[in-house]
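Residue numbers (this note's numbering), protein chains in the order written: chain A, 25 to 331; chain B, 28 to 386; chain C, 174 to 441.
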């Protein structure tokens with residue numbers, strides 16, 4: 025038997041058994057997991073399921089729901105007005121993600137290549153720290169900076185560059201700026217983790233084996249970094265796409281995104297079925313993203329093996 | 028009195044999935060004995076040690092302590108303590124509290140705990156370090172704390188899982204002697220698991236050699252060396268030259284030589300059986316030298332000679348079978364150049380019949 | 174690639190990036206001490222906005238609501254999350270569970286918020302402090318489990334065995350050995366969940382009903398326009414969060430020598 029040749033019988037031996045029988049330990053295991061799973065089924069799975077079902081009912085003028093299944097909401101969502109908002113949201117989230125990637129990569133690279141662990145820790149901490157503070161307040165900080173009586177306009181006026189204050193707020197650029205500011209740390213963190221894992225000796229080894237720099241990048245660096253890039257893209261894209269306060273506060277209703285639309289359906293117009301359909305569409309877009317993610321990761325693994 | 032059995036393991040069986048970790052293992056361990064479970068990794072020795080401690084229930088078989096079946100009793104109900112391979116010191120407690128832990132578990136009165144901790148700190152020579160935490164200790168110091176913690180309850184048996192594996196070579200040799208001394212001093216029964224045959228040979232009164240979940244031989248170190256039960260034990264304990272042979276009536280033959288009269292230990296006629304001889308028993312013959320003793324004489328070429336201290340080890344490649352034979356002799360007597368032809372004599376009296384170990 | 178990380182351009186870039194991250198916050202903090210209502214006019218150092226804050230009843234109510242929500246949500250999250258961490262680390266090897274555990278963190282806040290709003294309404298569960306607590310615990314558990322787990326992963330289980338071997342039963346072993354060793358992880362988890370809860374806006378916005386939490390209060394103030402009082406409250410919140418997170422970090426950080434012993438797996 026080949027099994028007897030394996031070095032340790034401990035290989036098949038999980039955690040040490042503490043006198044418990046197998047069954048008692050399994051029961052203990054259930055006890056640890058079941059409360060949370062129950063909690064999540066009730067307060068996460070059921071609610072989202074409810075929304076998905078509601079999407080196929082009809083809304084009545086005063087916020088009631090008419091329980092007649094149909095695709096009316098889906099048809100309504102394909103109205104250019106709503107499709108436009110959906111598309112706009114995807115564009116804004118994509119631009120935000122791209123900017124975060126471009127801004128975040130050099131920073132992650134810089135931090136990951138500090139020779140001292142202490143420096144790396146402090147820099148990383150500095151980059152992450154703002155993320156843990158109130159998102160609304162960080163968004164608000166940009167209002168102070170950018171509004172007509174704000175700091176930026178004030179400075180520009182004082183140094184004589186402008187006479188009249190510029191309209192820096194309430195446009196797409198302000199929304200993107202707010203989102204980048206909010207979620208940049210979420211991009212840097214996974215990028216850093218990926219870059220830090222690359223052993224500098226691997227690069228030297230690749231060069232030593234005669235690989236040209238570009239080939240080193242393609243065959244060695246990229247496959248190692250792509251999982252970090254993919255994680256960062258997901259981390260930034262997901263909250264950007266469904267964001268509500270940034271387009272509201274920095275876009276001022278002029279750069280409406282799907283989150284605002286959903287918000288309005290539920291709290292103002294009170295057409296919950298249609299709002300639910302919009303949630304469903306949002307989820308579909310995100311699922312598409314996750315499928316894309318797993319495709320990229322699978323391809324990446326293949327590249328690694330092929331080369 | 029001294030041969031009283033403390034532990035009797037009767038036909039212990041333990042499986043992990045498809046792997047048989049213990050295959051009908053039976054061992055008796057005597058009072059105040061230093062007993063070693065020796066074998067390569069995966070042989071089942073740690074599984075057995077843990078079963079004695081109460082970690083992991085046997086699939087079948089029994090473990091008796093002082094004649095009583097331990098059954099499924101929990102680790103905390105067994106008067107047996109263990110020193111773990113990783114030492115498993117409590118990182119959040121001072122040395123003193125680590126050592127006192129077992130007594131606190133038994134709810135002993137405070138002043139008794141203090142007195143006994145002091146006593147054990149003395150034995151382990153750890154008084155100065157009593158208020159340190161484990162991460163402030165060196166490897167050797169941690170080992171001593173682990174030992175002190177395990178002996179303070181005066182267990183019927185002290186189990187040691189690779190107690191010296193984490194130490195560097197020099198410290199390991201010191202601690203081998205130290206452990207042995209301590210065992211004498213406190214008069215405990217020690218069962219130690221090790222993969223290091225030298226360690227087992229140095230410390231143990233008796234050794235059980237294990238392989239693939241089975242016990243191959245239980246014997247004192249000298250006997251293991253002189254009369255190994257099979258080829259595996261023979262090669263695992265020290266160096267052994269092996270010649271492949273076949274059993275015939277009245278002994279063993281190797282191709283091209285007369286029958287060696289030797290006890291084949293009941294092996295069937297015509298079955299393969301190896302002849303073994305320790306390097307120190309082989310004679311390197313000088314040109315034209317004859318030998319009076321009945322011996323197997325083989326011609327070959329000297330491949331290389333290494334001098335280690337006062338001894339020389341010469342490797343001779345035998346012509347017929349291309350087997351390498353190691354010859355050990357005192358360095359002054361042997362002066363053969365590499366590559367020169369030579370003969371080696373293997374006296375019948377020094378030959379051992381070595382069957383294959385059970386699979 | 175040879176002069177890795179010695180590029181002066183990168184140093185400048187890193188500085189600029191940190192400035193980008195911190196300058197807006199810094200300006201906000203400075204302005205909170207400005208006696209003037211106008212951002213561009215410095216009328217001298219003053220604590221008047223903080224004083225005004227102290228007398229703002231709505232603000233104080235919202236802060237109290239948020240603290241109650243955060244405390245209870247943290248408690249639920251840490252208890253469930255710690256249990257879950259134990260289950261994942263020691264009792265199951267289900268890949269589905271393994272991946273599913275982090276799903277609550279991947280779902281956009283709008284979706285969670287809308288889902289719970291619909292659900293609570295459907296079962297006529299009153300919206301308010303209770304519903305927000307439940308909503309926050311949904312992702313709080315996932316966070317807590319993730320943090321406690323990192324602590325459990327470096328845990329040498331031989332330490333628990335040593336305790337049993339020395340005569341301590343299972344429950345006292347858990348209380349005297351296991352819990353103290355993973356305690357820093359639990360504290361860190363609690364601090365993180367607490368911080369996230371007091372700052373969480375969207376989910377609370379949908380599930381709070383008439384109850385006003387602190388971020389909701391800030392949101393409605395911001396919609397009314399820039400006021401120095403927001404600067405003051407923002408300053409307090411920023412510093413509070415930073416202190417909490419830095420403390421959590423100090424707790425979660427593995428200490429030297431605390432990394433459990435080198436030889437972990439018994440090699441039979």
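For each residue, glycine too, the CB sits at the ideal point set by N, CA and C.
Item to check | Residues that residue 67(A) contacts on chain C, provided the C-beta gap is smaller than 7 Å | outcome: 289, 307 and 311
Checklist entry - Using a C-beta to C-beta distance shorter than 7 Å, which residues of chain A count as neighbours of residue 265(C)? => result 53 and 57
Checklist entry - Is the CB-CB distance between residue 319(C) and residue 398(C) below 9 Å? => result no
Checklist entry - Hey, residue 34(B) and residue 184(B) are a contact pair by Cβ (cut 8 Å); roughly how many whole angstroms apart? => result 6 Å
Next on the checklist: Output needed in chain order: residues of the stretch 330-354 of chain C with a Cβ under 8 Å from some Cβ in chain A.
Outcome noted: 330, 331, 333, 334, 337 and 343
Item to check | Buried versus exposed call for residue 311(A) [16 or more other C-beta atoms within 10 Å across all chains shown] | outcome: exposed
Checklist entry - Hey, out of 426(C), 402(C) and 425(C), whose CA is closest to residue 233(C)'s CA? => result 402(C)
Checklist entry - Are there three or more Cβ pairs, one per stretch, closer than 8 Å when the stretch 300-311 of chain A is compared with the stretch 40-60 of chain B? => result no
Checklist entry - Is DSSP giving residue 180(C) helix, strand or coil here? => result coil
Item to check | Cα-Cα separation, residue 333(C) to residue 321(A) | outcome: 39 Å
Checklist entry - If you drop the 5 nearest sequence neighbours on each side, which residues of the same chain put their C-beta closer than 6 Å to that of residue 248(C)? => result none
Checklist entry - Can you give the beta carbon distance from residue 162(A) to residue 128(A), rounded, assuming they're within the 8 Å contact cut? => result Contact flag wrong, Cβ pair sits at about 17 Å.
Checklist entry - If you check the beta carbons only, do residue 118(A) and residue 261(A) fall under 9 Å apart? => result yes
Item to check | Helix, strand or coil at residue 299(B) [DSSP, three-state] | outcome: strand
Checklist entry - With C-beta atoms as the reference, is residue 294(B) less than 9 Å away from residue 274(B)? => result yes
Next on the checklist: Given this structure, state the Cα-to-Cα distance separating residue 157(B) from residue 65(A), to the nearest angstrom.
Outcome noted: 52 Å
Item to check | As assigned by DSSP and simplified to three states, the class of residue 112(A) | outcome: helix
Item to check | Given residue 110(B) as reference, the closest of 126(B), 256(B), 271(B) and 253(B) once Cα atoms are compared | outcome: 126(B)
Item to check | Contacts that residue 200(C) makes with chain A (C-beta to C-beta distance below 9 Å) | outcome: 165, 168, 169 and 175
Next on the checklist: Output needed in chain order: residues of the stretch 123-136 of chain B with a Cβ under 7 Å from some Cβ in chain C.
Outcome noted: 128, 129, 132 and 133
Item to check | Local Cβ density within 10 Å of residue 253(B), reported as buried at 16 or more and exposed below that | outcome: exposed
Item to check | Option nearest residue 148(A) by Cα separation, candidates 409(C), 187(C) and 420(C) | outcome: 187(C)
Item to check | Neighbour list for residue 205(C) in chain A, Cβ cutoff strictly below 9 Å | outcome: Result: empty, since nearest Cβ-Cβ is about 10 Å, beyond 9 Å.
Item to check | C-alpha distance - residue 70(A) paired with residue 292(C), whole-angstrom precision | outcome: 8 Å
Item to check | Boundaries (first-last residue) of the beta strand (DSSP E) holding residue 41(B) | outcome: 32-43
Next on the checklist: Can you check whether the C-beta of residue 176(B) is within less than 9 Å of a C-beta belonging to chain C?
Outcome noted: yes
Item to check | Under 8 Å by beta carbon: chain A residues contacting residue 414(C) | outcome: 156, 157 and 158
Next on the checklist: Applying the 10 Å Cβ sphere with the 16-neighbour rule, what's the burial state of residue 235(B)?
Outcome noted: buried
Checklist entry - Residues of chain C with a CB under 8 Å from the CB of residue 99(B): which are they? => result Per Cβ cutoff of 8 Å: no residues; residue 99(B) is ~14 Å from chain C at best.
Next on the checklist: Quick test of your reading: residue 129(B) and residue 176(B), contact by CB under 8 Å. State the CB separation rounded to the nearest angstrom.
Outcome noted: 7 Å
Checklist entry - Beta-carbon of residue 252(B) versus every beta-carbon of chain C: anything under 9 Å? => result no
Item to check | Segment limits, alpha helix (DSSP H) that includes residue 203(B) | outcome: 196-213
Item to check | Opening and closing residue of the beta strand (DSSP E) in which residue 19(B) lies | outcome: With chain B running from 28 to 386 in the structure shown, residue 19(B) is simply not present.
Checklist entry - For residue 368(C), which residues in chain A fall below 9 Å Cβ to Cβ? => result 156 and 157
Item to check | Cβ shell of residue 248(A) (< 6 Å), same chain only, five flanking positions each side left out | outcome: 222
Checklist entry - Got a sec: which bits of the stretch 222-243 of chain C sit with their beta carbon under 8 Å from any beta carbon on chain A, in order along the chain? => result none
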